[in-house]
Amino acid sequence: MATKKKRFDAIVASSRWRRKTSGSLLFCGSLLLFSALVSAQTPPVITSVSAPRQVVNIGQPLAFTSFVSSATPVTYQWKRNGLPIPGATASAYAFANATPLKDSGWYQFVATNAGGSTTSAVMFVNVAVNAAQIVAWGDNQKGQLNVPSGLSSVAAIAVGGSHSLALKADGTVTAWGGNDFGQTNVPAGLSNVVAIAAASSGSLALRADGTVVGWGNVTVPAGLSGVVAICADLHNVALKSDGTVVAWGVNYFGSTDVPAGLNGVVAIACGNYNNLALKSDGSVVAWGSNIYGQTNVPAGLTGVTAVAVSDRGFALKSDRSVVIWGVGLYVGQTSMPAGVPSVAAISARYLGNLALMADGTVLGWGAPSVPSGLGQVVAVAMGQIHALALRDASGTTAPVISAQPASQTVTVGQPVAFSVTASLGGASAVGYQWRKDGVNILGATGASLTISQVSAAASGRYDVVISNYLWSVTSSAATLSAIAPPVITAQTRSTTIVAGVPVTLSVSASTTATPLTYQWQKDGANIAGATRATLTIDSPQASDAGTYVCVLTNPAGLVTTSAATLTVLFAARLANASMRTTLATGQSIIVGFVVSGGSKDVLVRAAGPALSQFGLSAAMADPRLELYRGAVKVVENDNWPGSLSGTFAALGAFPFAANSRDAAVLQAVSGGHSAIVSGSGPGVVLVETYDASTNNAVRLINISARNRVGVDADILIAGFSVAGSGTKTVLIRAVGPTLGAAPFNVPGVLADPKVEVYDSAGALIVENDNWESSLTATFASVGAFPFASGSKDAALIVILRAGNSYTAQVKGADGGTGEALIEIYDLP
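According to numbering that gives the first Met the number 0, the sequence shown is numbered sequentially starting from 0.
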């Protein structure tokens, strides 16, 4: 070089001398010689550069190296994404603290010397998130939100129509979600990838050698190379390192018709039917569909550093502000919310938009809504129906649960809430997923779970899985016992029973809670001790008739059975008998009766003065009543006690006047008894015997009376009634001749008695003059004494309807008179 300079100086000196003699000709010649010497210089030769794919984790340093061969001094200018890096003019370029937004991209340097400039090969840088968490939200019909486990080191994310992509730090691609067109079938062996793009129905990957690989519904043009950036939608666009653009695929509205002469491009963005290209001078070029004004780039727009497009256009300027144009298909998507802080990146699609803020938070407008509390984000990707955010989850630890969900017992129809309290391990976005019996509950993704109205089916075990980055913890299970008042499945209905016959009332119920208790009630009052599912009445009586319910109670409440009416019918039985006769002074009437099956109360009355209310003027003034058991006097009464008034009314007996001289006794008896009625003077007397107990198991089985039978009205009349229900078979005997024979030897007996039975209307039912020997066995069955064979005593069997009164009249068949005995037997 020094030799060349000496020669150049000599030539200049010679030219000055020659100028004096020959003007400028010799000077021009020297210039031509200089020009020839300079043109002999060559541009720098780049002998080596860093590898075409560089990977560095967030916060780590990276240094590029270069080796250049040049015969003259060399100057350098490093570029990122096609634009000069201010101050990067050394032979090497390095950064100490890598961040994805600032340092990811494609790099070149230009080496210049006196002979010209040489541009290096492209070197791609992926700043990987080595504690990566991909947060997904929006529609999940195809599983596009189901982020695969194990994505711990991620360099980039992309979102398609119904699928998602992640570029891993090792240069491989993971895909998930919808696969209708094979868009998640990542080609086997695909590696060394530096950028990804997801189309509606396909996927693209840019490799470090500048080639593009497509799968799904995407076919890459043959020979495409030198690519530094890609984007995809219904069509595909590639940016080459020389600043030109290639587009292919569906050409709706001219979306693949790249404007002629377009060059100097440093960034691209694809929409469904339109595209944006950012040029190195900060201006924007648009082409394709303009239905919504999305290609009407504002006049004078400059200073742009990034672009995004959907049915609107977006430009991110160097001052971190955003310019939007086009009216947009959906309301609320054109204008960003007011007061937005510094924007670092934009991602847009038709349903919504995302702005990644410089502080790592995410702003969304349109749909779907951004998850609450999302932060520490380094990249966002907006899809047609879902979105992804890439978080730096370094420093995140496992959540720690400090308050577990508590088991609860809740009545059906009431609300219930479960909650969990946890420290979230430093993560600003934490996932909660409540489960019932191990199965995820749709939409239950908060720190609490509320069921507004508990159903029986809600019973089960509830827990919550709390997740961040690589960690997840599961709470203890809380048991929900959804209880309801008992449900009656079967119950007693109204029923009619016969007194003395056991009856059981029952109820069946299902219950979701214990204990289940029972309480039977009669006529609204609790029955003491009736606390089981069944209520048995061993010997129902009249007092047991009424309305019954059972109240069933469990911890959730109570339920009452429907009312069941218990009607107690008494089997037909002899209820009372009465004998009316006229006594002379010193004469008495004997009335006998027999009680079988135990002891029961019997009311015996001798009515004299009381008969005056029926118009009898010849009534006995002061009857006297004596009650015997065999020869033993049990009780006697001259004037009745007023305390028996209530008993008279209960049995349907006509009343006695207060302080009258009628006689009456109420006595518990069993077996046979005789009532003897006499008076101090003559008169008509009525002797009555009443069954005063409702105990159907103990019966009045025999009533008898002995008196003199006269003629006409002075006959022996026995009135009696049959109580209860159904019919009653009775044996009626009129005894005369047998009474006069041994062993009775009663003098003056009625020689030929006749018995007639009448109903309450006075109609003759049945009669008998002389008994039939076929009744002999019946007499024995009820303990009646036998009749002599061929005697003229009378006897008959008659079936009588319960609830009616009857009279049995004894008279002389031949008009005769005499002592006679009438007997009425209850036949089983």
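Note that beta-carbon positions come from the ideal geometry of N, C-alpha and C, so glycine has one too. Predicted, not measured: the structure shown is a model, and the values here were computed from it.
- Assigned with DSSP and collapsed to three states, Lys101 falls in helix.
- For secondary structure counted as the beta strand (DSSP E) over 3 or more consecutive residues, the stretch 94–160 holds these complete runs in sequence order: 104–112, 115–118, 122–127, 131–137, 153–158.
- Taking 3 residues as the shortest admissible run, the stretch 725–791 contains the following complete beta strand (DSSP E) segments, listed from N- to C-terminal end: 726–734, 752–758, 763–767.
- Contact between Pro752 and Ala793 holds, since their C-beta atoms are separated by about 5 Å, short of 8 Å.
- Within its own chain, the residues whose Cβ lies closer than 6 Å to the Cβ of Arg460, once the five positions on either side in sequence are excluded, are Asp436, Ala476, Thr478, listed in chain order.
- In this structure, DSSP gives Leu665 an extended state, which the three-state scheme calls strand.
- Assigned with DSSP and collapsed to three states, Gly709 falls in coil, not helix or strand.
- Secondary-structure assignment with DSSP links Ile267 through a beta bridge to Ala276.
- The residues Asp690, Ser720, Ala722, in chain order, have a CB closer than 6 Å to that of Ala574 in the same chain once the five nearest residues on each side in sequence are set aside.
- Secondary structure in the stretch 484–510: the beta strand (DSSP E) runs of 3 residues or longer, each lying completely within the stretch, are 486–490, 494–497, 502–509 in chain order.
- Between Gly499 and Pro539 the beta-carbon gap is near 7 Å, inside 8 Å, which marks them as a contact.
- In this structure, the alpha-carbon of Ala657 lies about 33 Å from that of Ala571.
- For the beta strand (DSSP E) assignment, the uninterrupted runs of no fewer than 3 residues enclosed by the stretch 154–209 are, from N- to C-terminal side, 162–167, 172–176, 192–197, 201–206.
- Bridge pairing for Thr473: Val464 [DSSP].
- The C-alpha of Val567 is placed about 19 Å away from the C-alpha of Ser561.
- Boundaries of the beta strand (DSSP E) harbouring Gly545: 545–553, taken from the DSSP string.
- With respect to the C-alpha of Ile345, the residue from Val409, Cys269, Val415, Ala298 having the closest C-alpha is Cys269.
- A direct Cα-Cα distance of roughly 29 Å separates Trp519 from Ser454.
- DSSP, read as helix, strand or coil, puts Leu610 in helix.
- A distance below 7 Å separates the beta carbons of Ala481 and Ser458.
- Under the DSSP assignment, Phe417 falls in the beta strand (DSSP E) whose first and last residues are 415–418.
- The C-beta distance from Leu355 to Val322 rounds to 17 Å, too long to fall under 8 Å, and the pair is not in contact.
- Ranked by Cα distance from Pro367, the first of Asp138, Asp169, Ala198, Asn262 is Asp138.
- Taking each of Ala663, Thr564, Val550 in turn and checking the Cα distance to Val558, the smallest one comes out for Val550.
- Only residues of its own chain outside the window of five on either side were considered, and among them Pro681 have a CB closer than 7 Å to the CB of Ala583, listed in chain order.
- With contacts defined by Cβ atoms closer than 7 Å, Leu277 and Val306 form a contacting pair.
- Separation of the CB atoms of Leu610 and Lys727 is rounded to 28 Å, and the pair is thereby denied contact status at 8 Å.
- Residue environment: Phe613 is assigned as exposed (fewer than 16 neighbouring CB atoms within 10 Å of its CB, all protein chains considered).
- Counting every other CB atom within 10 Å of its CB across the protein chains shown gives Phe63 a total of 16 or more, marking it as buried.
- In terms of Cα proximity to Asn274, the closest of Asp280, Val296, Gly281 is Val296.
- Contact fails between the stretch 189–204 and the stretch 412–422, because fewer than three Cβ pairs, one in each stretch, are under 8 Å apart.
- DSSP, read as helix, strand or coil, puts Thr646 in helix.
- Here DSSP, grouped into helix, strand and coil, assigns Tyr349 to coil.
- Per the coordinates, the alpha-carbon of Thr74 lies some 6 Å from the alpha-carbon of Ala110.
- Counting C-beta atoms within 10 angstroms of its own C-beta, Asn525 has fewer than 16 neighbours from the protein chains shown and is therefore classed as exposed.
- In this structure the stretch 113–131 lies against the stretch 380–397, because at least three pairs of beta carbons, one per stretch, are closer than 8 Å.
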